[in-house]
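Read the structure below first, then the notes.
There are 2 protein chains.
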Amino acid sequence: MYTIGIDLGGTNLRIGLFNEQGEIVEEYSRATEAEKGPEFAVNNMQEVINRLKQQYEIKAVGIGSPGPLDPYEGVIIEPPNLTGWVDVPLVKMLEEKTGIPVKLENDANAAALAEATLGAGKGAKSVFYVTVSTGVGGGYVNNGELISGAQGNCGEIGNMIVNPSPDAYQGPGLNKGALEGLASGTAIGRIGKERLGITNGAQGVFELASQGDKAAQDILDEAINYLAIGLANIVHTVNPEVIVIGGGVMKSKDLILQPLIEKTRNYLYPSLRDSLIIKPALLDQKAGLIGAGLLPK
Amino acid sequence: MYTIGIDLGGTNLRIGLFNEQGEIVEEYSRATEAEKGPEFAVNNMQEVINRLKQQYEIKAVGIGSPGPLDPYEGVIIEPPNLTGWVDVPLVKMLEEKTGIPVKLENDANAAALAEATLGAGKGAKSVFYVTVSTGVGGGYVNNGELISGAQGNCGEIGNMIVNPSPDAYQGPGLNKGALEGLASGTAIGRIGKERLGITNGAQGVFELASQGDKAAQDILDEAINYLAIGLANIVHTVNPEVIVIGGGVMKSKDLILQPLIEKTRNYLYPSLRDSLIIKPALLDQKAGLIGAGLLPK
Chain A
131 MYTIGIDLGG TNLRIGLFNE QGEIVEEYSR ATEAEKGPEF AVNNMQEVIN
181 RLKQQYEIKA VGIGSPGPLD PYEGVIIEPP NLTGWVDVPL VKMLEEKTGI
231 PVKLENDANA AALAEATLGA GKGAKSVFYV TVSTGVGGGY VNNGELISGA
281 QGNCGEIGNM IVNPSPDAYQ GPGLNKGALE GLASGTAIGR IGKERLGITN
331 GAQGVFELAS QGDKAAQDIL DEAINYLAIG LANIVHTVNP EVIVIGGGVM
381 KSKDLILQPL IEKTRNYLYP SLRDSLIIKP ALLDQKAGLI GAGLLPK
Chain B
131 MYTIGIDLGG TNLRIGLFNE QGEIVEEYSR ATEAEKGPEF AVNNMQEVIN
181 RLKQQYEIKA VGIGSPGPLD PYEGVIIEPP NLTGWVDVPL VKMLEEKTGI
231 PVKLENDANA AALAEATLGA GKGAKSVFYV TVSTGVGGGY VNNGELISGA
281 QGNCGEIGNM IVNPSPDAYQ GPGLNKGALE GLASGTAIGR IGKERLGITN
331 GAQGVFELAS QGDKAAQDIL DEAINYLAIG LANIVHTVNP EVIVIGGGVM
381 KSKDLILQPL IEKTRNYLYP SLRDSLIIKP ALLDQKAGLI GAGLLPK
């Protein structure tokens, strides 16, 4: 028995065939062309699934998609990364076309399941996954089970308030002083532009900081401090055994990981300081696809 | 078959006999006299348990105690409310004296289990319990199961940072700008003393506020705002179906509950605003005892 995992991204549509060990047996990728609408994307999914069905016995399909979405109803609500997709009943559409049960989850939740099951959190009883890239998101896996939350919004830590000051920055669709507005790759790039005139985003700040530029290092220090507050707040809320950190910003983990671990520890109760484990993600760009393949289990 | 629940408080030691429905059949209370040490308290527990054993078949004992403690090792570490109790192997001591299996948990976690199972969160799939009294604490119950956390520190939201300003107040043993230092009953009383010269703690602030005193209302507004940030941060971390709020400060819930609900909703993603349920606790002072009785299940 096999499962199919689909990583539905704003740019790419990735489809994998998984065996019972969660290993990828076959893999397929194409442009999502989200602007052509959900029907177009579902037809592309159907085509690959029908081809695989002829060769393999497929038990179920899992889809990881940008949110907001409703994992219980299987509906994509209105993701900024899938322009024009509004209240799309993706699960129903694909089930009708393929006759196979489909499960839908937020992409960060799918990645969390992958990292907890087969990645950096493997073997731990509880894992909180945090991704820092364009945005800040996450997911929570306890005793091997993905916790979706009542409305599927577990792990939406990008909107966690880490600075309540009236002067704090407010990003689009976010709380004033929310973590994503202060510590995402987008935020680092924005501040780099404001303070240093950098026009190539977070990457430019990382480059200057690695050359020893004090002002660029300050920008990173501030972002890392907010991330550390976010991680400590997660720990004091659910006390996971392991926090796994992934996302594009972690490509510069040499600059980020150690200070982030140290700052986070300083914000923890003494009894937690030595026991919290913070690890970089292992599965990188594959986490979303692998997690999608694990969703139906 | 019966269970025994023990609510070990800094002031009172409460012991209840519970039937399989979680109802209290018999109840016993005495002063803890914590200063006489753990051996004295354990002897008092043993005496009651042995008497109950002669009449009932006792399956297990649950104890809710002030933390920090290690629920996995059954050891009380060094609670501020049990002065002189350092690294007390309470589970081992009581098991050796009674021959009955004993389970130990943080008192807020026990109360969370009670409110989720038999109180305001009954029937919900996931419940986050928040208690606001001398301190701020909580507990998290998902699918009927209490989540203790890797080191038993799930729900330690009193140490969540809700204001990272260098000028933010730092309470003893807490982070600067931690929720408990800014929004507990102790915090409300402290600020009342600083700004208004009130010497009877939070109660004095509540009295003045209910008489329409603007400065007292401002103190409450600020505390409620920090609580709302804390609740919204919990929601964006684990998205519980219901948040249950208890603790001594909720005796003044006429002044607190509605503004707290409104402010919390304003800090949520729009898709969560209408769906989050916030309810006052139902079991009040009994929650700790009832939860202790539910622990062994």
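For the record, the sequence lines run as chains A and B.
Under our numbering, the first residue of the first sequence is numbered 131, with each subsequent residue one higher.
Under our numbering, the first residue of the second sequence is numbered 131, with each subsequent residue one higher.
Heads up, the beta-carbon is just placed ideally off N, CA and C, and yes, glycines get one too.
Taking the C-alpha atoms as reference points, what is the distance between residue i and residue j?
i                     : j                     : result
residue 244 (chain A) : residue 348 (chain B) : 47 Å
residue 300 (chain A) : residue 300 (chain B) : 26 Å
residue 410 (chain B) : residue 366 (chain B) : 20 Å
residue 487 (chain B) : residue 237 (chain B) : Absent from the structure is residue 487 (chain B), since the part of chain B shown begins at 131 and ends at 427.
residue 385 (chain B) : residue 320 (chain B) : 18 Å
residue 168 (chain A) : residue 215 (chain A) : 7 Å
residue 397 (chain A) : residue 351 (chain A) : 15 Å
residue 199 (chain B) : residue 209 (chain B) : 8 Å
residue 164 (chain B) : residue 172 (chain B) : 11 Å
residue 298 (chain B) : residue 205 (chain B) : 34 Å
residue 149 (chain A) : residue 426 (chain A) : 12 Å
residue 294 (chain A) : residue 262 (chain A) : 21 Å
residue 359 (chain A) : residue 392 (chain A) : 11 Å
residue 188 (chain B) : residue 132 (chain B) : 5 Å
residue 323 (chain A) : residue 311 (chain A) : 14 Å
residue 156 (chain A) : residue 247 (chain A) : 20 Å
residue 329 (chain A) : residue 338 (chain A) : 12 Å
residue 381 (chain B) : residue 357 (chain B) : 16 Å
residue 134 (chain B) : residue 207 (chain B) : 23 Å
residue 232 (chain B) : residue 225 (chain B) : 6 Å
residue 213 (chain B) : residue 403 (chain B) : 43 Å
residue 228 (chain B) : residue 395 (chain B) : 49 Å
residue 241 (chain A) : residue 276 (chain A) : 10 Å
residue 333 (chain A) : residue 318 (chain A) : 9 Å
residue 388 (chain A) : residue 378 (chain A) : 17 Å
residue 399 (chain B) : residue 315 (chain A) : 21 Å
residue 267 (chain A) : residue 152 (chain A) : 24 Å
residue 141 (chain A) : residue 162 (chain A) : 5 Å
residue 364 (chain A) : residue 182 (chain A) : 41 Å
residue 235 (chain A) : residue 258 (chain B) : 22 Å
residue 175 (chain A) : residue 421 (chain A) : 17 Å
residue 249 (chain B) : residue 274 (chain B) : 12 Å
residue 331 (chain A) : residue 203 (chain A) : 37 Å
residue 230 (chain A) : residue 186 (chain A) : 13 Å
residue 343 (chain B) : residue 166 (chain A) : 60 Å
residue 296 (chain B) : residue 408 (chain B) : 32 Å
How close, in whole Å, do the beta carbons of residue i and residue j come, if the pair is a contact with beta carbons under 8 Å?
i                     : j                     : result
residue 193 (chain A) : residue 220 (chain A) : 7 Å
residue 418 (chain A) : residue 146 (chain A) : About 10 Å separates the two Cβ atoms, so there is no contact after all.
residue 368 (chain A) : residue 279 (chain B) : 6 Å
residue 160 (chain A) : residue 138 (chain A) : Their Cβ separation, rounded to whole angstroms, is 11 Å, which puts residue 160 (chain A) and residue 138 (chain A) out of contact at 8 Å.
residue 265 (chain B) : residue 284 (chain B) : In fact, because the Cβ distance is near 16 Å, the residues do not count as touching under 8 Å.
residue 326 (chain A) : residue 353 (chain A) : Contact flag wrong, Cβ pair sits at about 14 Å.
residue 201 (chain B) : residue 211 (chain B) : Contact doesn't hold; Cβ gap of about 17 Å is too wide.
residue 191 (chain A) : residue 136 (chain A) : 7 Å
residue 260 (chain B) : residue 361 (chain B) : 7 Å
What does DSSP give as the partner residues of residue i in its beta bridges?
i                     : result
residue 236 (chain B) : B:195
residue 137 (chain B) : B:144 and B:194
residue 261 (chain A) : A:267 and A:376
residue 157 (chain A) : A:146
residue 188 (chain A) : A:132
residue 200 (chain B) : B:205
residue 256 (chain A) : A:272
residue 112 (chain B) : Within the shown structure, residues of chain B are numbered from 131 to 427, placing residue 112 (chain B) beyond reach of any answer.
residue 218 (chain B) : B:206
residue 407 (chain A) : A:372
Give a yes or no on whether the minimum CB-CB distance between residue i and chain C is below 8 Å.
i                     : result
residue 247 (chain A) : This model lacks chain C altogether, as its protein chains are A and B.
TODO: For the stretch 272-291 of chain B and the stretch 301-310 of chain B, state whether three or more C-beta atom pairs, one from each stretch, are separated by less than 8 Å.
DONE: yes
TODO: State whether the stretch 365-381 of chain A contacts the stretch 245-257 of chain A, with contact taken as three or more CB pairs (one from each stretch) at a distance under 8 Å.
DONE: A contact exists between the stretch 365-381 of chain A and the stretch 245-257 of chain A.
- [ ] Within the stretch 268-295 of chain B, note down every full beta strand (DSSP E) run reaching 3 residues or more, in order along the chain.
- [x] Whole beta strand (DSSP E) segments, 3+ residues: 275-277.
Open item on the list: Within 8 Å, do at least three Cβ pairs link the stretch 402-419 of chain B to the stretch 207-221 of chain A?
Closed with: no
Open item on the list: I'd like the ranges of any beta strand (DSSP E) spanning at least 3 consecutive residues and lying wholly in the stretch 324-395 of chain A.
Closed with: 372-376
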